[in-house]
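Novice:
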Amino acid sequence: MSTALFLEKLENLGGSAGNGKLQSLLNLDDAQYEAVKAELIAEGKIETGRGRGGSVKLLGYEAQPSLAGFEKPVKVRKVREANVRDEADEEGEDEDDIHPPPKTKPEPKKGGSAFEQAFRNIDDVLWKDAGCTSELDYTEQTSWMLFLKYLDGLEQDKAMEAELEGREYSFILEPPYRWEAWAAPKGADGKIDHNTALSGDDLRDFVNQKLFPYLHGFKAKATGPNTLEYKIGEIFGEIKNRIQSGYNLREIIEHIDALRFRSQTEKHELSYLYEAKIKNMGNAGRNGGEYYTPRPLIRAIIQVTDPKIGETVYDGAVGSAGFLCEAFDYLRAKPNLSTADLRTLQERTFYGKEKKSLAYVIAIMNMILHGIEAPNIIHTNTLAENLSDIQEKDRVDVILANPPFGGKERTEVQQNFPIRTGETAFLFLQHFIKMLRPGGRAGVVIKNTFLSNTDNASVSLRKLLLESCNLHTVLDCPGGTFLGAGVKTVVLFFEKGSSTRKTWFYQLDPGRNMGKTNPLNDGDLKEFLELQKSFADSAKSWSLDIGSVDTSTWDLSVKNPDGGEEVIHRSPQDILAEIAKLDAEAAEVLSKIRGLL
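Going letter by letter, the sequence shown gives residues 17 to 613 in our numbering.
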């Protein structure tokens, strides 16, 4: 087919058009259309646009004035607007009927690296797709493609290593399902061959009907949950391709394919950008904030617990794996690490469990980008395990966690714990105490009401913690530490094996209201880390002798002795009596008013 006809039709449509409409007007099949489009893109005559179903537009095209001579020049519509109308025309629908639900468009930014620009471009395409409505969707869809791109690079590296050693490498994926076959087939020039690359409905149908079922099948064939094959099967059995347009999918794949994360420098930058995506999920609705713990707080918790090479580090509510990734960075930065040390960090140090599908996928990808090739993350409900089944071989040296608070667990799950409660965080705390080896250390984030609640479960759990562990430090965090969480939290630092005699409290006060534009930073925690080394008293810190605590309640409320004049709270009975008195006075006044009428 003539490229001139392609250009002519595109010009007649105002310089830009949706792929679906233009392909229909030209009466071409998918392969023919993609071949002509690729040729014109290579010649610099057209470029891809931003339509929901994928679009193209003429480069350098300027709208011509109308033939009537007295009307305003015809303007090229915005690409998204044009494509929405084009699709409505094709399907015989009103424009309002096909708009996706309201969603937040990624904020446009300028500058940044090639990696950063690629992530922005991917978000732009996802924003246009009807199947993706929030930052959670953007991160989920980016994650599965990043994972497959990573897997391709990992297999290529292992195959090259095997070739140099004179042995054969057995690929995990069969040829039709490798990245280079379905996603980015290359020509002799090393560029994507658009004549053979799937696009449009063909690409979408291949991903949904063949690729995902094939990858999910690895779970049944894997030899164990810690194998890469099992993780592949787990990931692709839990998430779905939400991208409805095959043209959008093709555009995203090409952005992903351009990313390189073979070197440590590249992985570091990509991990930074991926963390930024996870952070953005905190404002995305659908409980996005549960996936992100502020990294300055995580780093402070790690410095206090101080994990060492050869110890095991565990998070039973792993979320996006922020604690494990930061712990890996902390240990990786230690001087004079041997090859054996590095292998230990890769294979036998970090362990996690996660119940939710999206969080599991994000955790795997986050750890991979931080440099851990096959993360030891298991997709399971941690609380479904009976505490009595935990043996010495299962125990760990360090626990770092921010378990979900406010959740409620079913009655059958509560049966697994000696202290039965529906509060998820309280069940996790029992699990963590049981999982620690004697001498093991933990840093756990929990709601501050845990320190003072008077219900039986809270009192019993505080008693268990104080009698079985040394709760040496409590960090009281101000409101706004967790974006969108709406609750105040504390961090409990404890060591298993000896009972608590004295607890040191630190009341964090950064001197400002924290929020999205003014979040917690490392400087805010500098004084805490310095004073905690010696449990020093200050205007913000003090020690509590546990011997002075009322053993009927084990109340550990944060009460700074230097916090100024104590506020005396009235009893509920006094408050109700005053309300009744005021009601009586109001009734008397109303009675007098009625008498005057």
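Quick reminder that beta carbons are idealized off the backbone N, C-alpha and C, glycines included.
Computed from a predicted model, the values in this text were never measured in an experiment.
Please tell me whether T328 and K369 are closer than 7 Å, where the distance is taken between their beta carbons.
Specialist: Their beta carbons are not under 7 Å apart, which means T328 does not touch K369 by this criterion.
Novice: Could you check the C-alpha separation between K283 and E389 for me, to the nearest Å?
Specialist: So the two alpha carbons sit approximately 11 Å from each other.
Novice: If you count every other CB in all the chains shown that lies within 10 Å of the CB of N523, and 16 or more means buried, which is it?
Specialist: The displayed chain sequence assigns Gln, not Asn, to residue 523. It counts as buried.
Novice: With A400 as the anchor, note down where its alpha helix (DSSP H) starts and where it stops.
Specialist: Where A400 is concerned, there is no enclosing alpha helix (DSSP H), given that its DSSP letter is neither H nor E.
Novice: When the Cα atoms are used, what is the spatial distance from T516 to Y367?
Specialist: Each residue's alpha carbon lies about 28 Å from the other.
Novice: Assess contact between the region 400-412 and the region 380-389, defined as three or more Cβ pairs (one per stretch) separated by less than 8 Å. Is contact present?
Specialist: With a cut-off of 8 Å, the region 380-389 and the region 400-412 do not count as touching, because too few Cβ pairs lie within range.
Novice: CA-CA distance, L44 and G203?
Specialist: Whole-angstrom Cα-Cα distance: 23 Å.
Novice: Within a Cβ cutoff of 8 Å, which residues of the same chain sit near S559, ignoring the five residues on either side of it in sequence?
Specialist: Closer than 8 Å at the Cβ level, and outside the excluded window around S559, lie K518, T519, W520, F521, F551 and D553.
Novice: Strictly by DSSP, which residues pair up with R457?
Specialist: In DSSP, R457 forms a bridge with V414 and E511.
Novice: Do the CB positions of T440 and E428 come within less than 7 Å of each other?
Specialist: No. Outside cutoff.
Novice: Can the beta-carbon of N469 be found closer than 7 Å to that of N432?
Specialist: Not a contact, by the Cβ cut-off of 7 Å.
Novice: Out of curiosity, what's the CA-to-CA distance linking S16 and L613?
Specialist: Missing from the structure shown is residue 16; the chain here goes from 17 to 613 and no further.
Novice: Of all the alpha helix (DSSP H) runs that stay within the bounds of the region 286-345, which reach a length of 4 or more residues?
Specialist: Whole alpha helix (DSSP H) segments, 4+ residues: 311-321.
Novice: If you reduce the DSSP assignment to three classes, tell me which class F277 lands in.
Specialist: Three-state result, F277: coil.
Novice: Taking G513 as the reference, give the member of G527, H488 and Y246 with the closest Cα.
Specialist: If we check each option's Cα against that of G513, H488 comes out closest.
Novice: What runs of the alpha helix (DSSP H), each 4 residues or longer, lie entirely inside the region 189-233?
Specialist: The region 189-233 contains these whole alpha helix (DSSP H) runs: 195-198, 216-222 and 228-232.
Novice: Taking 6 Å as the limit between beta carbons, can you name the residues of its chain near F135, skipping five residues before and five after?
Specialist: Answer for F135: L289, listed in chain order.
Novice: In three-state terms, what does DSSP make of V503?
Specialist: Coil, per DSSP.
Novice: Which residues mark the beginning and the end of the alpha helix (DSSP H) in which W160 is found?
Specialist: Taken as a continuous stretch (DSSP letters only), the alpha helix (DSSP H) holding W160 covers E151 to L180.
Novice: Could you have a look at A20 and say whether DSSP puts it in helix, strand or coil?
Specialist: Helix.
Novice: Below 8 Å CB to CB, which residues in the same chain sit around A47 once its five sequence neighbours on both sides are set aside?
Specialist: Excluding residues within five positions, the ones whose Cβ falls inside 8 Å are N211.
Novice: If the criterion is Cβ atoms closer than 7 Å, does the pair L50 and S215 meet it?
Specialist: Reading the sequence as shown, one finds Glu at residue 50 and not Leu. Result yes, Cβ atoms of E50 and S215 sit closer than 7 Å.
Novice: Residues in its own chain within less than 7 Å of R315 by CB, not counting five upstream and five downstream?
Specialist: Excluding residues within five positions, the ones whose Cβ falls inside 7 Å are E342 and D538.
Novice: Per DSSP, what kind of secondary structure is F252 in: helix, strand or coil?
Specialist: It is helical.
Novice: Can you find the residues in the same chain that come closer than 8 Å, C-beta to C-beta, to L26, ignoring five residues on each side of it along the sequence?
Specialist: Hits under 8 Å: S32, A33, L38, I62, V72, K73 and L74.
Novice: Please say whether I138 and I268 have beta carbons closer to each other than 7 Å?
Specialist: Going by C-beta atoms, I268 is nearer than 7 Å to I138.
Novice: Please name the residue, chosen from V565, G422, S568 and P434, that lies closest to V503 on a Cα-to-Cα basis.
Specialist: Among V565, G422, S568 and P434, the Cα nearest to that of V503 is on G422.
Novice: Can you tell me whether DSSP reads L452 as helix, strand or coil?
Specialist: DSSP places L452 in strand when its eight states are reduced to three.
Novice: Have a look at G387, L313, F509 and L244 and flag the residue whose alpha-carbon is nearest the alpha-carbon of L445.
Specialist: Among G387, L313, F509 and L244, the Cα nearest to that of L445 belongs to F509.
Novice: Have a look at E179 and Y185 and give me their C-alpha separation to the nearest angstrom.
Specialist: When rounded, the distance between both Cα atoms is 8 Å.
Novice: Label M176 either buried or exposed according to how many other C-beta atoms from any shown protein chain fall within 10 Å of its C-beta, with 16 as the threshold for buried.
Specialist: With fewer than 16 Cβ atoms within 10 Å of its Cβ, M176 is classed as exposed.
Novice: Which class does A51 belong to by DSSP, given the choice of helix, strand or coil?
Specialist: Correct three-state label for A51: helix.
Novice: Using DSSP's beta-bridge definition, name the partner residues of H395.
Specialist: In the DSSP output, where bridge partners are listed per residue, H395 has E370.
Novice: Helix, strand or coil for K91 per DSSP?
Specialist: Low confidence applies to K91: its pLDDT is 34, below 50, so where it sits in the model is not reliable enough to give any reading.
Novice: By alpha-carbon positions, which one of K237, G338, T243 and E270 ends up nearest to S287?
Specialist: Ranking K237, G338, T243 and E270 by Cα distance to S287 puts G338 first.
Novice: Report whether the distance from the Cβ of I57 to the nearest heavy atom of the ligand HEM is below 6 Å.
Specialist: Within the structure as shown, the ligand HEM is missing, as the structure has no ligands at all.
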